[in-house]
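There are 2 protein chains.
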Amino acid sequence: MSEYFNRHRPMLDDALDALQARGYWTPFPEVPSGKIYGETAREDGAAAFAALLGRKFDIPGHPEDRRLGAELSPFGLELDIAYPAASVESLIDTAQAASARLSAASAELRVGACLEALVRLNRMSFTMANAVMHTTGQAFAMAFQAGGPHAQDRALEAVAMAWDEMNRFAGSARWEKPQGKAAPITLEKQWSVVPAGISVAICCNTFPTWNSYPGIFASIATGNPVIIKPHPSAILPLALSVRVLREVFAEAGLPAGAILLAVDEPGAEITKDLAVHPAVKLIDYTGSGAFGDWLRENATQAQIFSEEAGVNTVTIAESDDFSGMCSNLAFSLALYSGQMCTAPQNIFIPKDGIETDQGHKSFDEVAGALASAIDELLCDPARAAGICGAIANPATLERVDQARSRGRIFRDSSALAEGRTATPLLLSVEDGDPASEEEWFGPIAFLIPVADAATGIDRAADLARRKGAITAAIYDLDEARIQHAVTAFGAAGVNLSINLTGNIFVNQSAAFSDFHVTGANPAGNASLTDSVFVASRFRRVMWRRPAAA
Amino acid sequence: MSEYFNRHRPMLDDALDALQARGYWTPFPEVPSGKIYGETAREDGAAAFAALLGRKFDIPGHPEDRRLGAELSPFGLELDIAYPAASVESLIDTAQAASARLSAASAELRVGACLEALVRLNRMSFTMANAVMHTTGQAFAMAFQAGGPHAQDRALEAVAMAWDEMNRFAGSARWEKPQGKAAPITLEKQWSVVPAGISVAICCNTFPTWNSYPGIFASIATGNPVIIKPHPSAILPLALSVRVLREVFAEAGLPAGAILLAVDEPGAEITKDLAVHPAVKLIDYTGSGAFGDWLRENATQAQIFSEEAGVNTVTIAESDDFSGMCSNLAFSLALYSGQMCTAPQNIFIPKDGIETDQGHKSFDEVAGALASAIDELLCDPARAAGICGAIANPATLERVDQARSRGRIFRDSSALAEGRTATPLLLSVEDGDPASEEEWFGPIAFLIPVADAATGIDRAADLARRKGAITAAIYDLDEARIQHAVTAFGAAGVNLSINLTGNIFVNQSAAFSDFHVTGANPAGNASLTDSVFVASRFRRVMWRRPAAA
Chain X
-4 MSEYFNRHRP
6 MLDDALDALQ
16 ARGYWTPFPE
26 VPSGKIYGET
36 AREDGAAAFA
46 ALLGRKFDIP
56 GHPEDRRLGA
66 ELSPFGLELD
76 IAYPAASVES
86 LIDTAQAASA
96 RLSAASAELR
106 VGACLEALVR
116 LNRMSFTMAN
126 AVMHTTGQAF
136 AMAFQAGGPH
146 AQDRALEAVA
156 MAWDEMNRFA
166 GSARWEKPQG
176 KAAPITLEKQ
186 WSVVPAGISV
196 AICCNTFPTW
206 NSYPGIFASI
216 ATGNPVIIKP
226 HPSAILPLAL
236 SVRVLREVFA
246 EAGLPAGAIL
256 LAVDEPGAEI
266 TKDLAVHPAV
276 KLIDYTGSGA
286 FGDWLRENAT
296 QAQIFSEEAG
306 VNTVTIAESD
316 DFSGMCSNLA
326 FSLALYSGQM
336 CTAPQNIFIP
346 KDGIETDQGH
356 KSFDEVAGAL
366 ASAIDELLCD
376 PARAAGICGA
386 IANPATLERV
396 DQARSRGRIF
406 RDSSALAEGR
416 TATPLLLSVE
426 DGDPASEEEW
436 FGPIAFLIPV
446 ADAATGIDRA
456 ADLARRKGAI
466 TAAIYDLDEA
476 RIQHAVTAFG
486 AAGVNLSINL
496 TGNIFVNQSA
506 AFSDFHVTGA
516 NPAGNASLTD
526 SVFVASRFRR
536 VMWRRPAAA
Chain Z
-4 MSEYFNRHRP
6 MLDDALDALQ
16 ARGYWTPFPE
26 VPSGKIYGET
36 AREDGAAAFA
46 ALLGRKFDIP
56 GHPEDRRLGA
66 ELSPFGLELD
76 IAYPAASVES
86 LIDTAQAASA
96 RLSAASAELR
106 VGACLEALVR
116 LNRMSFTMAN
126 AVMHTTGQAF
136 AMAFQAGGPH
146 AQDRALEAVA
156 MAWDEMNRFA
166 GSARWEKPQG
176 KAAPITLEKQ
186 WSVVPAGISV
196 AICCNTFPTW
206 NSYPGIFASI
216 ATGNPVIIKP
226 HPSAILPLAL
236 SVRVLREVFA
246 EAGLPAGAIL
256 LAVDEPGAEI
266 TKDLAVHPAV
276 KLIDYTGSGA
286 FGDWLRENAT
296 QAQIFSEEAG
306 VNTVTIAESD
316 DFSGMCSNLA
326 FSLALYSGQM
336 CTAPQNIFIP
346 KDGIETDQGH
356 KSFDEVAGAL
366 ASAIDELLCD
376 PARAAGICGA
386 IANPATLERV
396 DQARSRGRIF
406 RDSSALAEGR
416 TATPLLLSVE
426 DGDPASEEEW
436 FGPIAFLIPV
446 ADAATGIDRA
456 ADLARRKGAI
466 TAAIYDLDEA
476 RIQHAVTAFG
486 AAGVNLSINL
496 TGNIFVNQSA
506 AFSDFHVTGA
516 NPAGNASLTD
526 SVFVASRFRR
536 VMWRRPAAA
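Protein sequence lines correspond, in order, to chains X and Z. Counting from -4, one number per residue, gives the positions in the first sequence under the working numbering. Counting from -4, one number per residue, gives the positions in the second sequence under the working numbering.
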């Protein structure tokens, strides 16, 4: 029964080609257009989302002790959706009961179900956009892209890698060892995939689908039941995903109990109990380094795939498109109010200024131009709302407040017209200021004067190595110095973007091409999606016997 | 400078094909024959070995604080070789100094050097055979095979996997994202391999090369300097290997400091200090579960690839070749006096006996036949010496003594004519006897009566799951029960050999075909050689920039 697999095989093959070639490719259009998704898709999505509000969220057959849910949109809307919630033991028991059937199913069956689920999730991208928007605070367009097609891309990437890895070696072989003049020894051998065990996905508030889909789909594809633990403020996108996956599983003859939602309440999280359960062998985690450390110390029975905190940097050395550079950085700083693991924070600028196509620019002039570029980007209120979105967590606003006193303000943060919002705060701090050595998640950027550009590169690379970083950017025209940067950031394990201007930004990571997080510095050990990310989720076991004559 | 790579490219390509197809293949003949290795190879090897005795072992340029070495052959010979020994800090400093050059070298250069070193090691297999024989106690033929060609095979397998993994994705790409009617965004991207850091190989006494080469070669090939920590009783095989690798490295323009030997003394081991050093990021370890636990608790800065203890089993249900079965098992039990991680220990036999081509055999008759088969195998003293070899560690003899009192002896262990030796001890213990729940490394096998064959399978699989196992064997004619065994041992993560008779044994693991250790039970987390084993040793880091128009 691999009807889904056969149906989606061409998409899988294209994904496999894309993975290898690492050029641009996607089967899931990122433009929220009625021409692509159907003329009424936008309205249908809005209606479907509205129909979920103020109701019990139904997941047929899901374990349920009680109902929980208190999501509140950063844009003000109270979602008032009650999700089925179950105890850790009940979730584990259900997952374990599903485990043998999931493990025994063919790779085709599991991968086919994953692909079908992704196609269905893609069709409901407008519904998902509303769900992501009103749980994360992302503006609609971003919620559509990051919560829908881009997340689906990342999931497909993981499924394709899982397929590739499960089929990397022959599944059976005839082993014939010569014995001189005697007849050869001939063995028949066969290998099967043995999944690691129960997989737990600990999801974040800001990118509930994009950050969790790779681990979830990689685990399912390789035969591990998955318990999805959403952030209490961003349950809906994952509840929708769980429901689709379970529907497809049931239709495919796979156990729906292998896909579970672990809803809890703020202050009464079940994350730790789940994470340390002996049956849990895989944990995908997006969140703080402090909780990452807790997991490493306590969930020692499991393999942990993490994305944690870091300090992303920009080093400005020279530019032949000064206004293009400033506009580009302004967008990177303003997008989703900096609530991205890829958003820049520390901007290193030579204290004596830089050379540009507009002549020499002093440190203050560069800082001022960046501030102005942000102002210009956000001067239209509708556009500002569409770029900044809202602030997911009130603590981020407090952090902006705290940051204000830490340096000289070049651009202050302010609220937009609607929702819990904050535009970028731009302030300068001295090189080595302790504030600049930690992640300040949100719309906060430090401008840091350094002796010269080479010093900036070294500071940025050193910070990545010590504190972690997911992105680094440089603007420079000196090829020798760019090569030095390539080497320095490479050794620090951080991907480097060079001279980005126009409509491509350092905080964007493209599925099938960019490996998101390298795993080579403290910002995380999991790279989306490399071999280790999928190959660690299962093992191969063989039987061998003399071949029939 | 990839002369070596070009020279050995055909061998690498064949290895890559073999890895995928998993049939029989080797470029390194296992027969210690003058026709293959040169007419005087045997004598030359013996002479080369003799020339090493009683001397300082020279490793040009190797860090050296003092000289250490007190190897004593289990066959009685005192080696009296003094190796260069250096402090942990000195070894780490040297490795770190070599690190940048090794990392910056091309994959071709590193892989080419590995291949050249293997070809040179192959040529000196007779020398290596003597070195392995007189440090491990393996008989000459086995020392030749396991210490030479088979170890070289495993190393080549690891190098080929490393090459495959480093080249799994495009190293550069042109990423072109359509922008509707506007010009596409076009980025140039390039990825490079970033090695994890310093790699430490903690080697064992019994298979100094076979067990350590995969990790050593996988680490070097992917750019990690390696510090090789031999067991104080089995230094010479690794000292020879280090010298060859450093010679080739120097010739290839690679830093010889990337290959280091960490010699220490019994009672003053430097293993722990090495393992917890912050610069050490990879540890390959073969040894006890207790020290494995210590590493996991203390060397948390490193990834650990382990092969530890386990309880290997045989389940006897039925046989249509009773004497063939008994002969086969006799050899498996006697080979190197059971000092193999793959040797069977627990033999489950239905308490009411089994059906065979020789009619019904009671439990005692099966036990007696196994004992007789061992006696017959070892009745010729020369053949006995050639199969059993000698006992590497005196503690193994004590263990045999302790075991004697634990059950009813069907065949007692005894010494052979020369060296520290012990033939297999065969004794029956009750099902569930605590003795049968632990590994008794050495020539000790427990015959365990069980209710029936299915119970035996379940006991054996359960033991593998709980205590670990590297091999399992079954003799059965009932296909339904064999399928049950396939499922049960599969779920327990242990490779299963079915109905082996003749010249193929459960304790043999073939490179390029059998994954040695599955990683799916407590007997170890590293599988030789799967994707995780090599892919975990490096990361990919990218730079991207707008493509030149």
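Ideal Cβ placement from N, Cα and C applies to all residues, glycine included.
Reduced DSSP secondary structure (H/G/I, E/B, other) of residue i
i, result
"serine 600 of chain Z", "Residue 600 of chain Z is absent from the model: chain Z starts at -4 and stops at 544."
"glycine 175 of chain X", "coil"
"lysine 346 of chain X", "coil"
"alanine 446 of chain Z", "coil"
"threonine 496 of chain X", "coil"
"arginine 539 of chain X", "strand"
"phenylalanine 507 of chain X", "coil"
"tryptophan 20 of chain Z", "coil"
"glutamate 434 of chain Z", "coil"
"histidine 57 of chain Z", "coil"
"alanine 487 of chain Z", "coil"
"asparagine 502 of chain X", "coil"
"phenylalanine 70 of chain Z", "coil"
"leucine 472 of chain X", "coil"
"isoleucine 404 of chain Z", "strand"
Close-in-space but distant-in-sequence residues of the same chain around residue i (CB under 7 angstroms, 5 per side omitted)
i, result
"alanine 81 of chain Z", "Pro58, Glu59, Asp60"
"histidine 168 of chain Z", "Checking the sequence, you will find alanine at residue 168 of chain Z rather than histidine. Lys184, listed in sequence order."
Straight-line gap, residue i to residue j (C-alpha atoms, nearest Å)
i, j, result
"phenylalanine 436 of chain X", "alanine 155 of chain Z", "43 angstroms"
"serine 492 of chain Z", "isoleucine 477 of chain Z", "11 angstroms"
"leucine 151 of chain X", "asparagine 1 of chain X", "16 angstroms"
"serine 98 of chain Z", "alanine 108 of chain Z", "14 angstroms"
"glycine 40 of chain Z", "serine 120 of chain Z", "8 angstroms"
"threonine 391 of chain X", "phenylalanine 405 of chain X", "20 angstroms"
"arginine 50 of chain Z", "tyrosine 78 of chain Z", "9 angstroms"
"aspartate 9 of chain Z", "tryptophan 20 of chain Z", "9 angstroms"
"aspartate 551 of chain Z", "alanine 251 of chain Z", "Residue 551 of chain Z is absent from the model: chain Z starts at -4 and stops at 544."
"alanine 45 of chain Z", "glutamate 160 of chain Z", "41 angstroms"
"arginine 149 of chain X", "leucine 523 of chain X", "8 angstroms"
"methionine 123 of chain X", "alanine 257 of chain X", "19 angstroms"
"isoleucine 349 of chain X", "asparagine 494 of chain X", "14 angstroms"
"serine 322 of chain X", "isoleucine 369 of chain X", "7 angstroms"
"alanine 506 of chain Z", "valine 271 of chain X", "37 angstroms"
"arginine 454 of chain X", "glycine 284 of chain X", "21 angstroms"
"glutamate 562 of chain Z", "serine 187 of chain X", "Only positions -4 to 544 of chain Z appear in the structure, and residue 562 of chain Z is not among them; the question remains open."
Residues near residue i in its chain [Cβ-Cβ closer than 8 angstroms; skip 5 each side]
i, result
"alanine 486 of chain X", "Ala456, Arg460"
"histidine 479 of chain X", "Ala449, Ile452"
Contact set for residue i: own chain, Cβ-Cβ below 6 angstroms, skip 5 residues either direction
i, result
"arginine 96 of chain Z", "Pro250"
"arginine 534 of chain Z", "Val189"
"serine 94 of chain X", "Pro220"
"valine 275 of chain Z", "Ile193, Val195, Ala297"
"glutamate 171 of chain Z", "Pro179, Thr181"
What residues in the region 510 to 531 of chain X have a beta carbon less than 7 angstroms from any beta carbon of chain Z? Phe510, Thr513, Gly514, Ala515, Ser522, Asp525, Ser526, Val527, Ala530, Ser531
Identify each residue in the region 12 to 42 of chain Z for which the Cβ-Cβ distance to at least one residue of chain X is less than 8 angstroms, and report them in chain order. Leu14, Gln15, Ala16, Arg17, Gly18, Tyr19
Which full runs of the beta strand (DSSP E) of 3+ residues lie inside the region 176 to 206 of chain Z, going along the chain? 177 to 190, 193 to 197
What ranges does the alpha helix (DSSP H) occupy inside the region 258 to 325 of chain X, keeping only unbroken runs of at least 4 residues that lie completely in it? 266 to 270, 284 to 293
Using a Cβ-Cβ cut-off of less than 9 angstroms, list which residues of the region 474 to 500 of chain X approach chain Z; keep chain order. Ile477, Ala480, Val481, Thr482, Phe484, Gly485, Ala486, Ala487, Gly488, Val489, Asn490, Leu491, Ser492, Ile493, Asn494, Leu495, Thr496, Gly497, Asn498, Ile499
Proximal residues, the region 159 to 173 of chain X versus chain Z, C-beta separation under 7 angstroms: Glu160, Arg163, Phe164, Ala165, Ala168, Arg169, Trp170, Glu171, Lys172
In the region 264 to 288 of chain X, which residues sit with their C-beta less than 9 angstroms from some C-beta in chain Z, listed in chain order? none
What are the residues of the region 187 to 199 of chain Z that lie near chain X, defined by any Cβ-Cβ distance shorter than 7 angstroms? Ser187, Val189
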